[in-house]
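Chains as they are written, first to last, in our numbering: chain A, 4 to 705; chain B, 1245 to 1651.
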Amino acid sequence: MPVHHIIASVFGALFVIYGVVGYLSRARRVPMWLGTLCAAAGGGAAYSDAFWPMLVLGVLTLCAGFCATRLVDLGWRMRASIVLSVMTLAFFALWPSLDRDSGVRLRCPAWVKDRVDFRLVAGLDLRGGLRLVYTVDVEEAIKDKRDRYNEDMRTSLAKVFDLHSGDERPTEEAMVKLREYAKVEAPRRPANTLRLTLTDKADPSKIDARFLEQFRSDLTFSQSADKREWNFRIKEESETAIRERAVGQAREIILRRVDELGLREAAVSTRDEDIIVEVPGQDEKDFATIREIISQTARLEFKLLDDDTDYMGEVARAASSGTLPEGLEFLRETAPVGLDENKDQINKPVTYAFIKKGEKETTQDALVRMREWAATLEPPPDRELGFELVYETDPDTLKESESGWRTYLLRSRAEITGDMVRDAIAQPDQGQGSLGGWYVGLQFTDQGGKIFDRITTANVKRRFAIILDNRVESTPVILTRIAGGSASITMGSNDPMVQLRDARKLELVLRSGALPAPISPSNEQRIGPSLGADSIRLGVQGAVGGGLIVLLFMFIYYKRAGLIADFSVVLNLFLQLAVLATFGASMTLPGIAGLALTLGMSVDANVLINERIREELNAGKSPRAAVELGYGKALSAIVDGQLTTLISGVVLAQYGSGPIKGFAVTLIVGVTISIFTALVVSRVWFDLWVRGFGRLKKLDIG
Amino acid sequence: MQFFPSGTVYDFMRIRRACALVSLLMVIASIVAIFRPGPNLGTDFKGGTEIEVAFGEGVSSDDIRAAVRSSGFSNPDVVKVDDENNPNRYLIRVQEVSEISEEKRTEIERVFCYGEGLDPAACPEDKQATEVKISPGGDKISLRFRSAPDLAEVRERASKIDGLALRPGDGNPLLQNARDHKVEVQLMSRGDQLMNGLRTNLGEAKVPAEPLRVEWIGPKAGAQLRDAALKSIAISLVFIMAYIAFRFDLRFAPGAVVALIHDAVITVGILTLMRKEVNLTTVAAVLTIIGYSVNDTVVVFDRVRENLGKIRGATFASLINVSLSEMLSRTLITSGTTVFSLLAFFVRGTGTLKDFALTLIIGLILGTYSSIYVALPFTEWLDRKFFARAMPKKRRGPARKSEEATV
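Below, the structure written as structure tokens:
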């Protein structure tokens, strides 16, 4: 019987017990019957193997039972329940990390490990590794964009001065001739301006509203009094858009590459215009490869598909099942293969191979297996295999996930390469009958447009593949001949949200080949492994040593109240680690220092409370009143003190970077938790002490 | 156990003048030190290249300095790092980054015949580059030519440029795109150059194959980091001040802010005088000190506010004495335990960790001192000097009560 079914039956038993007790005891009816509700829901969650709902409901069920006891009073029982629930949830969040690489060695069953994704990982400075910071050269991207406008403006001017007409690009002669009328200059700096000067021969009234209309959306302009000199500047919001796009694109590309290398533990993050890549490990050769691969320009290619040859069909017939890699199967689809005499589409079934990624396998590993197998095949001359990532949608949750890779038979010749693509942009489809749809508008350079015209003419109703860095990204069907250098690719899905996402993705793919976002390394840190190991040892020793001394002191100084304080400080540490684990934060040295500091503040809160209670006792109050008053009066000092620290933590997290940010995050988490542990957790103990077992005559605080 | 018996009132305010003088002198000395000689800014803020190397036996810092100088770096900073496992571990810092200066840029453009008004004899058409781009990180030059370039010739031309070191290997320069004749020339990073220089000057045996750590920050990134750090300090100051003004009274805010500026300035001053490096970690430490100092001050203020309502007919100064005495155990226990746990880091830690702990310890001690001898005396002085006479009848809350107390 699977574990979650056993747990479900435990819930069932609790359901029955609670129901019976609630029926028999009138006084306990409310908590007990609430408990039965939780148990029923928890049983359902356990049965369908939903771990966290099951855990939360389980904790709630037990809390309901606890609230039905007779201990102290209901308020106290509820507070104690909250503390216990938080502790339990935190323990489960932290359990796998405790098992893995801490000195604690708390064995965590595989069943829990599979269901809890939270891991506390050691940061780069503790493990050693490489940290690369790349800066996106936004100015370069803006300049590129400006140069596009420059070209557009010249074309428009050629039309305005009747040197050219039609949608085609103007000829070289027309451009030479244009210089007699007008000159467009793109200064080296600032990179966002264009200067248009009209000669005496030109009629300034030609630069009218209609001409300006085309540029109004992205450019602002000013003119001289005689309207012969114009200054155009890219609008600020357009610049922001360019910046965001450049950074997003660069990040996407770097992510792909890091993925491609199979670096599972590498992390890619962005901050303003910086893209930060962190790779743990020590292998110098790896680092060299990473640096090299990241700084390469993306390679975008368009290749035609060969759907006429059913090559995979032959492979499938020849293959014996034993030699195929695990999870590989041959599937069939219907592909368009051109037009017949009546100009109707011909469809032909073709076979392709699909490899399903294994349960414990990454998508990248599945591709490696696929490639290994493909290397044993011999495609026909001038043909090659391309691989595309396949997604599958879970019919229940509608969640999409990567399921494996499929093949395409491609013509080896790259008809169009990235430098022939001018621009690509995802746009909403405003045609009739396509509510909310999206497509990708694609513009080619002169040369690219001509080639694309030729290809589309010869291959109507056939598919071609868009390939980025050797991975097939999309296989659109050519519907008709496309002349004039611009095309649009519509998305296959019916769901507009999926269409938008796919369009954005394809836009990025096409642009990364066309407009490589210029990135340059701006900072590099290599942390040697010996440094990392030393740091871990010293950091842990420092923390443990310092912590033990403080705990011991508190016990000596405050006796039993000191033990309560010690408990809440240790719990504080434990909860902080659990919260950091759920954030997926990595522990760095400044992070550990932040942890130590908030532990100090948690000690402070407890000291404030204990001193207050002591004062009240000295003033002759009863133990119960002293505790009540002590907490009440210490509250404002604790909250004010912690909140001011929280303020600097938040500011640091907002404006800080790298190590400072790690420090700030632990500070924020720690301060929040220490308010909880000081005001709620220790209070629960104090109340149990003074009120739990009859009336306490004397409270001894050191 | 109890360090200070309850009910005892210590006369803190008696020595406030002497303390004010000491604090003032320390602040002035720190400000002077911050301007001259100035803090020892780390690579984080200055930009530059930094490597840490575990050398073999018998290498002195003078040898290293000489070796670094003779490989073409000016003004190297060589610091010995304490490390039990690597007795000869040194940190070498140079100002140079792999960035290419404006002059070098012009020279590169000249060598590759880029621009207008070229001498046709030296620059025949097929040798003219139509585009010269230098990456901001200074690790590569990309060139575009009219016709297929001779890569060996490009390499030769590039290596003629003074101070430009090409990365060794066959694929350099690399023909990136055959269609539009785009060539990429890869340059050696400063870290590689430093290691090479050390190897040739000190001998292969004494220099390991790989440094322990390499770090470089472009000057632009350094300036950005510095500005972000200053900005974050300024912003948290404003927020903390606003919070105190909101939670207490307007006249408490200046005292708290003076105290925390006092702590931050003197901490940086002491670090400057100790010639410790000021870097991002220091900024984190200083921000912690600010947070801690305010925490400490606010807790004491809280008690003063409470006593203002409770104790009548006493002077503000004696009221402060009472409040401080009541809080004395707490203040000392909290700072004591925190300093203690930091001492463990200071004693056991190395490098960054040690400096971080040291900064915090200095700051915490100052923070405790300042909430007793700076924040409250300043508030009292302010109250006596300005509020007492300017506003004889205050409207509300603690302010009015303190008014009664002083009269």
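Idealized CB from N, CA, C, for every residue including glycine.
Which residues in the same chain have their Cβ closer than 7 Å to the Cβ of residue i, if we skip the five residues on either side of it in sequence?
i: V1253/B; result: N1565, V1566 and S1569
i: F1600/B; result: T1525 and A1529
i: I358/A; result: P328, G330, L331, A369, R372, M373, G407 and W408
i: R110/A; result: D102
What residues in its chain sit with their C-beta under 8 Å from that of residue i, if we drop five residues either side in the sequence?
i: M1485/B; result: A1497, A1500 and V1501
i: Y394/A; result: E403, S404, E405 and S406
i: V1532/B; result: One point to set straight first is that residue 1532/B is Thr, not Val, in the sequence displayed. So the list reads L1604 and G1607, once near-sequence residues are dropped.
i: E729/A; result: A question about residue 729/A goes unanswered here, because the residues of chain A that appear run from 4 up to 705.
i: P207/A; result: L201, D229, K230 and R231
Per DSSP, which one or two residues make a beta bridge with residue i?
i: E175/A; result: For E175/A, which the question treats as bridged, DSSP gives no partner whatsoever.
i: A125/A; result: M590/A
i: K186/A; result: T200/A
i: F333/A; result: A356/A
i: Q446/A; result: D426/A and S489/A
i: I530/A; result: G132/A and R1457/B
i: V1509/B; result: In the DSSP output, where bridge partners are listed per residue, V1509/B has none listed.
i: W441/A; result: P431/A
i: A16/A; result: Partner(s): none; A16/A has no beta bridge.
i: A270/A; result: E281/A
Give the secondary structure of residue i by DSSP, where H, G and I count as helix, E and B as strand, and everything else as coil.
i: M90/A; result: helix
i: R416/A; result: coil
i: F164/A; result: coil
i: N1329/B; result: coil
i: K402/A; result: coil
i: T1483/B; result: The identity of residue 1483/B in the sequence shown is Phe, whereas the question assumes Thr. Of the three classes helix, strand and coil, the one that applies to F1483/B here is helix, per DSSP.
i: R134/A; result: strand
i: S225/A; result: strand
i: Y561/A; result: helix
i: F689/A; result: helix
i: S777/A; result: A query on residue 777/A cannot be resolved here, the shown segment of chain A reaching from 4 to 705 and no further.
i: S1537/B; result: helix
i: T410/A; result: strand
i: T365/A; result: coil
i: E391/A; result: strand
i: V1651/B; result: Legend: pLDDT at V1651/B = 35, less than 50; position of this residue unreliable, value from coordinates given subsequently. V1651/B: coil per DSSP, three-state reduction.
i: I522/A; result: strand
i: I469/A; result: strand
i: K230/A; result: coil
i: Q749/A; result: The shown model of chain A, from 4 to 705, leaves out residue 749/A, and the question about it has no answer.
i: R1260/B; result: helix
i: S677/A; result: helix
i: T1526/B; result: helix
Looking only at its chain, what residues have a beta carbon closer than 6 Å to the beta carbon of residue i, apart from the 5 residues adjacent to it on each side?
i: L1268/B; result: none
i: F1247/B; result: S1573
i: I245/A; result: A144, I145 and K148
i: G565/A; result: M557 and F558
i: A83/A; result: V687
- Message: Does the structure place the stretch 438 to 452 of chain A close enough to the stretch 461 to 469 of chain A that three or more beta carbon pairs sit under 8 Å?
- Response: Not touching, per the Cβ criterion.
- Item | the stretch 1301 to 1315 of chain B contacting the stretch 1437 to 1455 of chain B, beta-carbon criterion three pairs below 8 Å | Yes, the stretch 1301 to 1315 of chain B touches the stretch 1437 to 1455 of chain B.
- the stretch 1609 to 1619 of chain B in contact with the stretch 1530 to 1544 of chain B per 3-pair CB rule at 8 Å: Below 8 Å, enough C-beta pairs join the stretch 1609 to 1619 of chain B and the stretch 1530 to 1544 of chain B to call them touching: three or more.
- Item | Length at least 4, wholly inside the stretch 1268 to 1351 of chain B: the alpha helix (DSSP H) runs in chain order | Runs found: 1287 to 1290 and 1305 to 1314.
- Hey, which unbroken runs of the beta strand (DSSP E) at 3 residues or more fall wholly within the stretch 1365 to 1428 of chain B? As far as the stretch 1365 to 1428 of chain B is concerned, its whole beta strand (DSSP E) runs of at least 3 residues are 1373 to 1378, 1384 to 1389 and 1418 to 1421.
- Uninterrupted alpha helix (DSSP H) stretches inside the stretch 624 to 660 of chain A (no shorter than 4 residues): 626 to 658, all fully within the stretch 624 to 660 of chain A.
- Query: Counting Cβ pairs, one atom from each stretch, are 3 or more of them under 8 Å apart for the stretch 293 to 306 of chain A and the stretch 466 to 479 of chain A?
  - Reply: Short answer: they touch.
- Message: Counting beta carbon pairs with one atom in the stretch 634 to 648 of chain A and one in the stretch 1542 to 1555 of chain B, are three or more of them shorter than 8 Å?
- Response: The count of Cβ pairs closer than 8 Å, one atom from the stretch 1542 to 1555 of chain B and one from the stretch 634 to 648 of chain A, reaches three, so the stretches are in contact.
- Message: Suppose only complete runs of 3+ residues qualify. What are the beta strand (DSSP E) ranges in the stretch 16 to 81 of chain A, listed by chain order?
- Response: Counting only runs of 3 or more, we get nothing.
- Query: Taking contact to mean at least 3 C-beta pairs separated by less than 8 Å, is the stretch 1285 to 1296 of chain B in contact with the stretch 1459 to 1479 of chain B?
  - Reply: Taking one beta carbon from each stretch, the stretch 1285 to 1296 of chain B and the stretch 1459 to 1479 of chain B have 3 or more pairs nearer than 8 Å; the two touch.
- Query: Does the stretch 596 to 613 of chain A touch the stretch 565 to 581 of chain A, meaning 3 or more C-beta pairs lie closer than 8 Å?
  - Reply: As far as the Cβ criterion goes, the stretch 565 to 581 of chain A touches the stretch 596 to 613 of chain A, which means the pair count is three or higher.
- Query: Counting Cβ pairs, one atom from each stretch, are 3 or more of them under 8 Å apart for the stretch 1360 to 1374 of chain B and the stretch 1333 to 1348 of chain B?
  - Reply: The answer is no - the stretch 1333 to 1348 of chain B does not touch the stretch 1360 to 1374 of chain B, with fewer than three Cβ pairs under 8 Å.
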